[in-house]
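K.L.:
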Ligand code: FNR
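Numbering (the working numbering), first residue to last: 443 to 625.
1. Would you check if there are 3 or more beta carbon pairs closer than 8 Å linking the segment 446-461 to the segment 514-525?
2. Just verifying my parser: in three-state terms, what is the DSSP assignment at residue 519?
3. Between which two residues does the alpha helix (DSSP H) holding residue 527 run?
4. At a cut-off of 7 Å, is residue 556 close to ligand 1 when judged by its beta-carbon and the heavy atoms of the ligand?
5. Are the CB atoms of residue 589 and residue 551 within a distance shorter than 8 Å?
6. Are the CB atoms of residue 475 and residue 652 within a distance shorter than 8 Å?
7. Cβ of residue 448 within 8 Å of Cβ of residue 620?
8. Give a single yes or no on whether residue 561 has its beta carbon closer than 7 Å to a heavy atom of ligand 1.
9. What residue does the alpha helix (DSSP H) around residue 571 start on, and which one ends it?
10. Under a Cβ-count criterion, where at least 16 other Cβ atoms within 10 Å of its own Cβ denotes burial, should residue 490 be classed as buried or exposed?
11. Does the beta carbon of residue 459 fall short of 7 Å from some heavy atom of ligand 3?
12. In the DSSP assignment, the alpha helix (DSSP H) including residue 464 goes from what residue to what residue?
13. Does residue 620 come out as helix, strand or coil in the three-state DSSP assignment?
14. Can you tell me whether DSSP reads residue 493 as helix, strand or coil?
15. Report whether the distance from the Cβ of residue 586 to the nearest heavy atom of ligand 1 is below 7 Å.
16. Please classify residue 545 as buried or exposed, where buried requires at least 16 other C-beta atoms within 10 Å of its C-beta.
In structure tokens, the structure reads:
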């Protein structure tokens, strides 16, 4: 049985390049990984008043994370940090206190940018939360994707064999990491 990987996309727009990148990843993922996007766009803004008795969207979101073997965060960078929509999903998943859906789940991060700085700020701000959430996170290879608009072929694949090869090695390393963490 392949590992089920919940993929969270830190952009809600229809033409999201991050989402297109994730779709391309699905086409090259190893047999041992099943990438499944878990949508975050219907989650309300986090409000601690409702964490003990949350809206149905939140309950469904937490269940989707809990039944997955691992989590892949694919995110653009907003103002050198994590987009609010992704942080909002992370915050909902972490509550109520003591009932975090993230605890112990192996994770990996890919940051995506149309610029040359490749979302480094978002990638590492996200990693700061993952430390606290006790998500053992793939360290190497790191995936910082610059100028993503030049890398996608518009047909669900990658333009350059180098990008495809690198992302194949990233996903293979993630598969090995999940196996290691889960014992
Ligand atoms: C951005 N963008 C951006 N890019 C970047 O490399 N570093 C940054 O700090 C920011 N900041 C930023 C803030 C806000 C509010 C927006 C809307 C955009 C550009 C952004 O990464 C780019 O539009 C991506 O294409 C967004 O990802 P999707 O929606 O294509 O997946």
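No residue lacks a Cβ here, since even glycine has one placed at the ideal position from N, Cα and C.
P.N.:
On the basis of the data shown:
1. yes
2. coil
3. 526-535
4. yes
5. no
6. In the structure displayed, the chain extends from 443 to 625; residue 652 sits before or after that span and is not available.
7. no
8. yes
9. 562-574
10. exposed
11. With respect to small molecules bound, the structure shown includes ligand 1 and not ligand 3.
12. 459-470
13. helix
14. coil
15. no
16. exposed
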